[in-house]
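The structure under discussion appears below in the form of structure tokens.
Protein chains in written order, with my numbering: chain A, 6 to 118; chain B, 64 to 286.
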């Protein structure tokens, strides 16, 4: 259910920036979403279509670019993608890792008229 | 009509983060420590709070923000201890956000408050992504939930300042690898404290109380 509030934040951010650019309509919004956020594309689209009605974002299409969970080994500094639920460094086998990717949740760009 | 592309590059939750920072500033001015308690449903947030309140209520001014999907069962329990409590019903929503918490804080007398506890909605997924303006995040994981949870919900454990492993009294009945657990947490999060506790038997609770008091002292020293 967190998609509803995420869409509220997303929409208000998009409308503010569109207004600043004197846009009359938002055509599309490009999003970057990390897999660790658990944000679901279908749920976001559903709430967006509902909440964007009667705004200049009505009918805008959403493009989702998902990023994978990326880990950095605290020992050898290797950056590697998470495989299933393993967090072990593939080189030195240490378990001390920092999450460096996969938590993104931002608007990359928008197409406006 | 000609269209154009606007580069935005802005975090969707930035408005929430700004509100949270503003709240932290407000609390800092009043020397108040706010602790956000997160866990799955049923791992012992309310029991931990009840014991923590009884331990501290004669020494410090305590207030509690209770987040729940619906009902005021938890807030009623807290109010039975005669301390200020505000219930936030999220109406099906799975987390609290900085605005909800700020509105709740407005209802407390900050001059009489030293510690605010937030009992977040029971959920290990998205609660970690919403900064509430707290100074410390406490995450509870109970033995029956299993030792694989940090691997499934890494962001929650990466955001924790302290991880309380609760229901340690039932450890003999579960396949929970307690020896390897602290290393699993500190692997994600080297600065996190890991405490083994039982809200039922009271085991380890003194360490949790000391951790809170250390947080209070650190706060008063800084501001």
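Here a beta-carbon is modelled for each residue, glycine too, at the ideal position from N, C-alpha and C.
All figures in this text were calculated on a predicted structure; none of them were measured in a lab.
Buried/exposed call for residue i, threshold 16 Cβ in 10 Å
i             : result
residue 64/B  : exposed
residue 55/A  : exposed
residue 241/B : exposed
residue 158/B : buried
residue 197/B : buried
residue 261/B : buried
residue 148/B : buried
residue 29/A  : exposed
residue 117/B : exposed
residue 283/B : exposed
residue 211/B : exposed
residue 185/B : buried
residue 47/A  : exposed
residue 122/B : exposed
residue 167/B : buried
residue 105/A : exposed
residue 84/B  : exposed
residue 213/B : buried
residue 64/A  : exposed
residue 254/B : exposed
residue 39/A  : buried
residue 24/A  : exposed
residue 66/B  : exposed
Beta-bridge pairing of residue i - partner residues as DSSP gives them
i             : result
residue 248/B : Beta-bridge pairing links residue 248/B to no other residue.
residue 126/B : 179/B
residue 77/A  : 84/A, 103/A
residue 70/A  : 37/A
residue 91/A  : 88/A
residue 99/B  : 181/B, 200/B
residue 115/A : 34/A, 69/B
residue 205/B : 229/B
residue 74/B  : 111/A
residue 258/B : 227/B
CA-to-CA distance, residue j to residue i, given in whole angstroms
i             : j             : result
residue 269/B : residue 120/B : 15 Å
residue 110/B : residue 264/B : 11 Å
residue 107/B : residue 69/B  : 47 Å
residue 67/A  : residue 12/A  : 11 Å
residue 179/B : residue 129/B : 11 Å
residue 100/B : residue 41/A  : 20 Å
residue 153/B : residue 76/A  : 33 Å
residue 93/B  : residue 201/B : 22 Å
residue 16/A  : residue 236/B : 49 Å
residue 95/A  : residue 138/B : 47 Å
residue 103/A : residue 132/B : 32 Å
residue 127/B : residue 146/B : 8 Å
residue 247/B : residue 97/A  : 16 Å
residue 204/B : residue 195/B : 20 Å
residue 142/B : residue 155/B : 23 Å
residue 144/B : residue 59/A  : 48 Å
residue 71/A  : residue 62/A  : 22 Å
residue 187/B : residue 181/B : 15 Å
residue 80/B  : residue 171/B : 22 Å
residue 98/B  : residue 105/B : 19 Å
residue 2/A   : residue 101/A : Chain A is shown only over 6 to 118; residue 2/A falls outside these bounds and no answer can be derived.
residue 118/A : residue 22/A  : 13 Å
residue 87/B  : residue 95/B  : 9 Å
residue 244/B : residue 116/A : 48 Å
residue 267/B : residue 227/B : 9 Å
residue 294/B : residue 277/B : One cannot answer for residue 294/B here, as it falls past the ends of chain B, which runs 64 to 286.
residue 32/A  : residue 99/A  : 47 Å
residue 165/B : residue 81/A  : 42 Å
Partner residues on chain E for residue i, Cβ-Cβ distance less than 7 Å
i            : result
residue 76/B : The displayed structure is made up of protein chains A and B, and chain E is not among them.
Heavy atom of the ligand GDP within 8 Å of residue i beta-carbon
i            : result
residue 76/B : This structure simply doesn't include the ligand GDP, nor any ligand for that matter.
Which whole runs of the alpha helix (DSSP H) in the region 128-166 of chain B are 4 residues long or more, in chain order?
Annotation note: the region 128-166 of chain B contains the following uninterrupted alpha helix (DSSP H) runs of length 4 or greater, listed N- to C-terminal: 136-142.
Give me the subset of the region 246-270 of chain B whose CB atoms are less than 8 Å from a CB atom of chain A, sorted by chain position.
So the close ones are 246, 247, 249, 250, 251, 253.
Taking beta-carbon pairs under 8 Å, can you tell me which members of the region 194-217 of chain B lie near chain A?
211, 214, 215, 217
Contacting positions in the region 79-94 of chain B - beta carbon closer than 9 Å to chain A
Correct list: 79.
Could you name the residues of the region 97-129 of chain B whose beta carbon sits closer than 7 Å to any beta carbon of chain A, in the order they occur along the chain?
none
Taking any Cβ of chain A, which residues in the region 145-176 of chain B have a Cβ under 7 Å from it, in chain order?
155, 156, 157, 158, 160
Residues, ordered as in the chain, of the region 42-59 of chain A that lie near chain B by beta-carbon distance below 7 Å
42, 43
Against chain B, which members of the region 70-85 of chain A pass a CB distance test of less than 8 Å?
74, 79
Taking any Cβ of chain A, which residues in the region 217-234 of chain B have a Cβ under 7 Å from it, in chain order?
217, 218, 221
Taking beta-carbon pairs under 8 Å, can you tell me which members of the region 176-187 of chain B lie near chain A?
Within the region 176-187 of chain B, no residue has a Cβ that lies closer than 8 Å to any Cβ of chain A.
Quick one, which residues of the region 86-111 of chain A are near chain B if we go by CB-CB under 7 Å, in chain order?
90, 92, 100, 101, 102, 104, 108, 110, 111
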